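In terms of numbering that gives the first Met the number 0, the sequence shown is residues 0 to 424.
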Amino acid sequence: MFTELNRVNATWRFDRRRSRRSHLLISALVFSLGSLFASVAWSFSPDQDLTARAAVLMDAATGKILYQKDADLRLPPASTTKVMTAILALESGRKLTETLTVSKTATRVPASKLYLRPGQSLAIEDLLYAIMLSSANDASMVLAEGIGGSVEHFTELMTKRAHELGATNSHFANPHGLTAVDHFSTARDLAVLFRYAMRNPTFREIVQTKISSVSSNTIVKKRTVARRISVRNHNRLLWNFDGAIGGKTGYTHAAQKCFVGAVARNGTTLVVSVLGARDQWGDTKRLLEYGFDNYESLKAAPQPDSKTAPTEPASIRPEGISAVMGAPRENSRGQPVNGYVLQLGAFRERGRAESLLKQFSDRGWEGFVEKILLSPGETAYRVRFGPYAELLVAQQMAQEILQKSGYQALIMPFLASPESGGEPS
């Protein structure tokens with residue numbers, strides 16, 4: 000009996016020692032894996048999957064750059080330009096309830112827009128909601144003309160104020176961000192401007208609004224007729240990203256997809272800006288998750304050095320659009336670019352397109368109507384001029400058309416094989 004009892008006790012002691020060793024091994028493994036994952040999290044760089052040509056992640060509290068990619072490369076900023084437009088309008092000393100009148104020039108600017116009509120009037124506050132939510136180019140023009148006296152003077156003030164705020168690598172030629180000579184900014188500058196703008200309670204309230212409406216007023220037989228226009232925020236993060244508190248999107252063929260905005264989590268606010276992206280939302284989310292996951296380490300690390308010195312803006316180099324897209328003389332789909340064209344409009348009815356073309360043909364500008372297939376059984380007609388071998392020539396022609404006709408042309412790559420079934424007609 001005692002022999003059997005001793006055997007049981009010995010087995011029990013052996014099992015305890017084996018169990019203790021197993022626990023120690025498991026603990027060591029868990030610790031090692033934890034260290035490995037922490038190391039991986041710290042060593043991960045958003046560069047691996049980033050499609051943006053330039054990007055910045057900034058600590059809103061201190062202004063410190065936590066991550067950057069070509070932060071000082073001058074690029075076309077598209078409609079992120081409107082952040083500076085809003086800053087200038089809010090600091091103009093004008094009351095938000097003051098109304099501004101829509102001019103013919105403002106109505107001729109290409110979309111995105113509210114399709115305002117000459118003579119209508121809107122409150123400055125409504126114009127700000129229109130530009131920051133719906134990215135309305137015509138509303139931007141109304142603000143510029145009404146506050147600056149002229150678009151030229153307003154954009155001079157935009158550039159001057161941007162430089163005062165530390166955005167010294169930016170130059171603005173219009174208040175909306177459509178491609179233009181000498182219109183550029185950088186990922187760093189946009190982050191600086193957005194961080195500053197978010198200190199303004201009105202700006203902050205506007206950019207965190209998902210859906211609103213604005214009122215345009217028309218005088219009809221001495222009676223004011225109001226028209227309500229719904230505006231929806233283009234910032235998708237407000238709908239699907241935890242902590243999003245505001246931002247501004249942008250897109251043109253030259254600029255590609257752009258975004259600048261802010262997100263707050265657990266008492267930390269980060270500002271992010273991306274320029275020249277193919278996947279603006281994927282890039283933005285990766286940068287923000289990286290920043291929040293590694294915030295303490297990034298905050299304690301030395302300020303990253305700028306990887307690029309200020310350069311001539313990509314938008315005014317002859318290869319500008321191709322450079323932004325990442326491959327010389329190809330567009331983002333890999334299609335060869337045979338120069339650039341100016342587009343003045345796109346219509347469902349051929350007659351409207353031909354009527355617009357005739358207005359310009361009568362003035363000596365040679366253009367064409369291009370038929371495109373939108374979907375099976377659905378076509379549209381684009382009014383275009385060109386092609387021009389170099390971007391600079393296209394920009395000069397666009398400037399001439401604007402000055403002589405009031406129409407602002409879109410500059411687009413001219414493909415060797417017309418996209419979407421497009422063909423001159």
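For each residue, glycine too, the CB sits at the ideal point set by N, CA and C. Predicted, not measured: the structure shown is a model, and the values here were computed from it.
Who are the Cβ neighbours of residue i in its own chain at under 6 Å, not counting the five residues just before and after it?
| i | result |
| --- | --- |
| residue 186 | 53, 54, 55, 70, 272 and 274 |
| residue 290 | 56, 65 and 269 |
| residue 417 | At residue 417 the pLDDT is 38, less than 50, meaning the model places this residue with poor confidence; the figure from the coordinates comes in the next sentence. Hits under 6 Å: none found. |
| residue 166 | 188, 191 and 192 |
| residue 250 | 77 and 256 |
Tell me the rounded alpha-carbon separation between residue i and residue j.
| i | j | result |
| --- | --- | --- |
| residue 201 | residue 141 | 19 Å |
| residue 427 | residue 208 | Shown here, the chain extends from 0 to 424; a query on residue 427 therefore has no answer. |
| residue 338 | residue 133 | 31 Å |
| residue 395 | residue 102 | 24 Å |
| residue 295 | residue 284 | 18 Å |
| residue 218 | residue 241 | 44 Å |
| residue 404 | residue 245 | 37 Å |
| residue 368 | residue 407 | 17 Å |
| residue 110 | residue 135 | 7 Å |
| residue 254 | residue 378 | 27 Å |
| residue 262 | residue 247 | 12 Å |
| residue 348 | residue 243 | 41 Å |
Quick one: what does DSSP say residue i is sitting in, helix, strand or coil?
| i | result |
| --- | --- |
| residue 78 | helix |
| residue 197 | coil |
| residue 229 | strand |
| residue 128 | helix |
| residue 252 | coil |
| residue 182 | coil |
| residue 409 | strand |
| residue 247 | strand |
| residue 171 | coil |
For the beta strand (DSSP E) that contains residue i, what are its first and last residues?
| i | result |
| --- | --- |
| residue 377 | 377-387 |
| residue 120 | 120-122 |
| residue 214 | 210-219 |
| residue 53 | 53-58 |
| residue 271 | 267-276 |
Cβ-heavy atom distance between residue i and the ligand GDP below 6 Å?
| i | result |
| --- | --- |
| residue 341 | Ligands displayed in this structure: none; no statement on the ligand GDP is therefore possible. |
For the alpha helix (DSSP H) that residue i lies in, which residues bound it at each end?
| i | result |
| --- | --- |
| residue 72 | Segment: none, residue 72 is in no alpha helix (DSSP H) and carries neither H nor E. |
| residue 284 | 279-292 |
| residue 100 | No alpha helix (DSSP H) holds residue 100; the beta strand (DSSP E) holding it covers 98-100. |
| residue 397 | 390-404 |
| residue 238 | 236-239 |
With a CB to CB cut of under 7 Å and the five nearest residues on each side skipped, what residues in its chain are close to residue i?
| i | result |
| --- | --- |
| residue 42 | Residue confidence is low: residue 42 scores 40 on pLDDT, short of 50, so the model does not pin down where it sits. Its coordinate-derived value is still stated next. Excluding sequence neighbours, residue 42 sits near nothing in its chain. |
| residue 139 | 81, 84, 130, 174 and 175 |
| residue 205 | 127, 128 and 131 |
Are there three or more Cβ pairs, one per stretch, closer than 8 Å when the region 120-136 is compared with the region 224-234? In short, these stretches touch, since the Cβ pair count reaches three.
Check whether the region 69-84 and the region 276-283 are in contact - that is, three or more C-beta pairs closer than 8 Å. Not touching, per the Cβ criterion.
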